[in-house]
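Participant: Chains as they are written, first to last, in full-length UniProt numbering: chain A, 1 to 233; chain B, 1 to 233. Think of the CB as a built atom: it goes at the ideal place given N, C-alpha and C, for glycine as much as any other residue. Pasting a structure here, questions to come.
Number of protein chains: 2
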Amino acid sequence: MGARNRPSSEPRVPLSRERVLRAAVAIADEGGVRALTMRRLAEQVGAEAMSLYHHVANKEDVLDGTVDLLIGEINEVVDRFDPPAEPADWKKAVRRRVLAAREILLRHRWAPALFETRSAVSPQVLRYHDGLIGLMRAGGFSHDLCHHALHALGSRALGFAQELFDPSGAGGGEESVAELEAMAERFPHLVGMLAEVAHDDPDSTLGWCDDQAEFEFGLDIILDGLDRLREAG
Amino acid sequence: MGARNRPSSEPRVPLSRERVLRAAVAIADEGGVRALTMRRLAEQVGAEAMSLYHHVANKEDVLDGTVDLLIGEINEVVDRFDPPAEPADWKKAVRRRVLAAREILLRHRWAPALFETRSAVSPQVLRYHDGLIGLMRAGGFSHDLCHHALHALGSRALGFAQELFDPSGAGGGEESVAELEAMAERFPHLVGMLAEVAHDDPDSTLGWCDDQAEFEFGLDIILDGLDRLREAG
DNA sequence: GGTCGTGACCTTACTCTGTAAGATCGCGGC
DNA sequence: GCCGCGATCTTACAGAGTAAGGTCACGACC
Numbered sequence: 001m002g003a004r005n006r007p008s009s010e011p012r013v014p015l016s017r018e019r020v021l022r023a024a025v026a027i028a029d030e031g032g033v034r035a036l037t038m039r040r041l042a043e044q045v046g047a048e049a050m051s052l053y054h055h056v057a058n059k060e061d062v063l064d065g066t067v068d069l070l071i072g073e074i075n076e077v078v079d080r081f082d083p084p085a086e087p088a089d090w091k092k093a094v095r096r097r098v099l100a101a102r103e104i105l106l107r108h109r110w111a112p113a114l115f116e117t118r119s120a121v122s123p124q125v126l127r128y129h130d131g132l133i134g135l136m137r138a139g140g141f142s143h144d145l146c147h148h149a150l151h152a153l154g155s156r157a158l159g160f161a162q163e164l165f166d167p168s169g170a171g172g173g174e175e176s177v178a179e180l181e182a183m184a185e186r187f188p189h190l191v192g193m194l195a196e197v198a199h200d201d202p203d204s205t206l207g208w209c210d211d212q213a214e215f216e217f218g219l220d221i222i223l224d225g226l227d228r229l230r231e232a233g
Numbered sequence: 001m002g003a004r005n006r007p008s009s010e011p012r013v014p015l016s017r018e019r020v021l022r023a024a025v026a027i028a029d030e031g032g033v034r035a036l037t038m039r040r041l042a043e044q045v046g047a048e049a050m051s052l053y054h055h056v057a058n059k060e061d062v063l064d065g066t067v068d069l070l071i072g073e074i075n076e077v078v079d080r081f082d083p084p085a086e087p088a089d090w091k092k093a094v095r096r097r098v099l100a101a102r103e104i105l106l107r108h109r110w111a112p113a114l115f116e117t118r119s120a121v122s123p124q125v126l127r128y129h130d131g132l133i134g135l136m137r138a139g140g141f142s143h144d145l146c147h148h149a150l151h152a153l154g155s156r157a158l159g160f161a162q163e164l165f166d167p168s169g170a171g172g173g174e175e176s177v178a179e180l181e182a183m184a185e186r187f188p189h190l191v192g193m194l195a196e197v198a199h200d201d202p203d204s205t206l207g208w209c210d211d212q213a214e215f216e217f218g219l220d221i222i223l224d225g226l227d228r229l230r231e232a233g
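Below, the structure is given as C-alpha cells:
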C-alpha cells in the first residue's frame, strides 16, 4: 500500500538527501527526536522506510544530517553580518552571532540535546567556529586564547546551554505549602533564593527563569573575562 | 531457564531499586547507555527483564535513578569538605566542589549526555545546587546574583561541559596533506589555530585538547567574572 | 498444621524499532 | 522493442520496552 498504485496524475517529486533531512527536521520540530523514526520519516516524504536508505546511510546519518542542516541555516544568517567596524568590536560581533544562533536553535528545541550525542564533527559546525575565530583574531586574540575561548564558550558558542530548571518538567507551581516547607528544610538556600527571585518577578513561579536574560548574563561574563585576558595578554 | 531451577544452595540476594540502579551504572560504565537495556540489566542482576518492574517504574525511571545515584555520590564527597575559612574564599570552595564533581563524572563518561535528556529534576541535583548557593551566600552574594551564577555555570557547575572536539570521533590524525590543505581553504582560521596550538604541544594532534585545563580555564573565567560582579554589586 | 493472601519473580506475547535481502518498477539509451 | 540500472517497495528478522497473567515462597491467621 502507500505509493503502490500511484496515479500518473501525481508527478511524484523525487527523493533526495536534502528532502529527507528537511522532513526529519519537520518531524522533530513537531514531536521531538523520539518521534523521528525511519518509518515516520518515510511516511512524511511519501515513500517506504527502506527507500530512504538510497539517500542516507542509516539513521545516524539522518541525525548527523539534521544537525548539519540546522547549523548551515545559522551560517547562512551570520555570514550576512557585516564585519565589525573596529577591531575592538570583536565582542559585539561574537555576541551578535551567538545570539543569532540561539534564536534559530530556539525554534528547534530538540536540537541541542541531539548535538551532544553526535561524535562526528559537522562541517557546518567547523565553519561556524572558523568564523568565530576569525572575529577574535581580528580583535587581537592570540591563537592560543582563541582556542581557550572556544572551550570556555562550549555549547554557548552555538547559542545554547543546559537550562537549569525546565518549567515543562514536573508540575509547575502545584507544590502545596507542606511540600514547600519540606523542601525548605532539605534545600534551605535553594528555596530561599527562589522565594526572593520569584518575589522580584511576579510572573515567575518556582523553577521558571528568563532563559534569554540568563543566557546573555552567562555569555557576557565569559566575553568580558576573555576581553580582560586579551588586554592583559 | 535462567533462575528457574535455582539450587537452594544459592541464597538469591533479593532485588532492590538500589541494586538495580547500581547494576545500571556498571553496564553503562562498560558499554555506554546504548548497552543499557532492560534485558541486559536483568541479566546483570540475575533476574528476568520483567522482574525489574517491581523495583523501578520503567526505563525512564532507571535512567533518572542512575543520574540521582551518581550525583548522590558527588554529594557524599563534597559534603565532607570543610566550609571555607573566610567568606572571601567562596571562589576556592566552589571551584573545589566543581572539580570534585568533574572527577567523579569523568569516571562515567556516558553520564553528562544522559543528564541533558532528563527533564525531572533529581533531588540530589537540588541538594548539590543548594550547597553551591550556600557557599555563595556566605561569600556575600545576593540571592539574585546566586541565581544568575547558577545559570552562568550551567552544566559546568556539575563538572562537565560539551567537549568541543572528541578525539574518539572520526579518525584522529590520519588526515592527508591534501585533505589538510582542502580544510585550510574552507576553514582558514580554524586550521591556523590548530596548527599553532598543536605546535606548542607536541602531544597534541588535530582535535586533541587538554580537557582538564580547558575546563578549568572556562570555569575560572566565570568565577572571576562573578567575583567582580559581587564586589561591584 | 493447614490455608490463604500477598507480593516477588517469571513466561509469554505484542508492538515498534532499525535495517538486510531481494523483488519490482520505470525511465533513458540502443 | 528491448535492456540495463538505479530508485523504490516488500518481506522478514533481531532486538527494544513493556502489558498481562501465571507461579511460587513466605508470613498471618484459624
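1. Exposed or buried, what is B:E103 when buried is set at 16 or more other beta-carbons lying within 10 Å of its beta-carbon?
2. Would the beta-carbon of B:R230 fall within 8 Å of that of B:L145?
3. Work out the CA separation of A:A49 and A:P14 for me, nearest whole Å.
4. Would the C-beta of B:L223 count as close to the ligand GTP, meaning under 7 Å from any of its heavy atoms?
5. Which residues bound the alpha helix (DSSP H) around A:M136?
6. Looking only at its own chain, which residues have a Cβ that is under 7 Å from the Cβ of A:L52, when we skip the five neighbours before and after it?
7. Taking only the alpha-carbon atoms, compute the straight-line gap between B:G225 and B:F217 and give it to the nearest angstrom.
8. Among A:D211, A:V33, A:V67, which residue has its Cα nearest to the Cα of A:R118?
9. In chain order, what are the residue ranges of uninterrupted alpha helix (DSSP H) at least 4 long that sit wholly in the stretch 85-128 of chain B?
10. Checking contacts by CB at 8 Å: is A:L226 closer than that to chain B?
11. With DSSP run on the structure shown, which of helix, strand or coil describes A:L36?
12. Based on Cα-Cα distance, which residue from B:Q212, B:V191, B:I74, B:D227 lies nearest to residue 241 of chain A?
13. Against chain A, does B:M193 count as a neighbour if the rule is that its beta carbon must be under 8 Å from one of theirs?
14. Who are the neighbours of A:V197 on chain B, taking C-beta pairs under 8 Å?
15. Do the stretch 24-32 of chain B and the stretch 127-143 of chain A make contact, defined as three or more Cβ pairs closer than 8 Å?
16. Could you pull out every residue in the same chain whose Cβ sits closer than 7 Å to the Cβ of A:L36, ignoring the five residues on either side in sequence?
17. Roughly how many angstroms lie between the CA atoms of A:A170 and A:G159, to the nearest whole one?
18. Do B:D200 and B:K91 have their C-beta atoms closer together than 8 Å?
19. For a contact meaning CB atoms closer than 9 Å, what does A:A47 contact in chain B?
20. Taking a cut of 9 Å between CB atoms, which residues from the stretch 207-218 of chain A lie near chain B?
21. Please work out which residues of its chain come closer than 8 Å, Cβ to Cβ, to A:A3, disregarding the five sequence neighbours upstream and downstream, and give them in chain order.
22. Give the interface partners of A:I133 over in chain B, defined as CB-CB distance under 7 Å, in chain order.
23. Output the distance between the C-alpha atoms of B:G31 and B:R96, rounded to the nearest integer angstrom.
24. Would you mind telling me which residues of chain A sit closer than 7 Å to B:H129, beta carbon to beta carbon, in chain order?
25. Just curious, the alpha helix (DSSP H) that B:R17 is in, first and last residue?
26. Could you tell me the alpha carbon to alpha carbon distance between B:G140 and B:V94, rounded to whole angstroms?
27. Quick one: is A:A111 near chain B, going by C-beta distance under 8 Å?
28. Out of curiosity, what's the CA-to-CA distance linking A:D220 and B:H148?
29. Among residues of its own chain, excluding the 5 on either side of B:A113, which ones have a beta-carbon nearer than 8 Å to its beta-carbon?
30. Which term fits B:S122, buried or exposed, when burial requires 16 or more other beta carbons within 10 angstroms of its beta carbon?
31. Indicate whether B:N75 and B:R127 have their beta-carbon atoms separated by less than 8 Å.
32. Apply the 10 Å Cβ neighbour rule to A:D82 and answer buried if 16 or more other Cβ atoms are within range, or exposed otherwise.
33. Is the Cβ-Cβ distance between B:H151 and A:V197 less than 8 Å?
34. Alpha carbon to alpha carbon, how far is A:E116 from A:M136? Give it in angstroms, no decimals.
35. Take A:D79 and list the residues in its own chain whose beta-carbon comes closer than 8 Å to its own, dropping the five residues that flank it on each side.
Facilitator: The answer reads as follows:
1. exposed
2. yes
3. 15 Å
4. The model on display carries no ligand, and the ligand GTP is accordingly not part of it.
5. 123-138
6. V20, M38, L41, A42
7. 12 Å
8. A:V67
9. 90-105, 111-115
10. yes
11. coil
12. The structure shown does not extend to residue 241 of chain A, since chain A is modelled only from 1 to 233, so the question has no answer here.
13. yes
14. H143, D144, H147
15. no
16. A24, I27, A28
17. Residue placement at A:A170 cannot be trusted, given a pLDDT of 47 that sits under 50; the coordinates are not used to answer.
18. no
19. What A:A47 touches in chain B: nothing, since even the nearest Cβ is about 28 Å away.
20. G207, C209, D211, A213, E214, F215, F217, G218
21. Unreliable positioning characterises A:A3 in this predicted model, as indicated by a pLDDT of 37, which lies under 50. A coordinate reading is not provided.
22. H189, L190, M193
23. 30 Å
24. L190
25. 17-31
26. 13 Å
27. no
28. 12 Å
29. V33
30. buried
31. yes
32. exposed
33. no
34. 25 Å
35. G131
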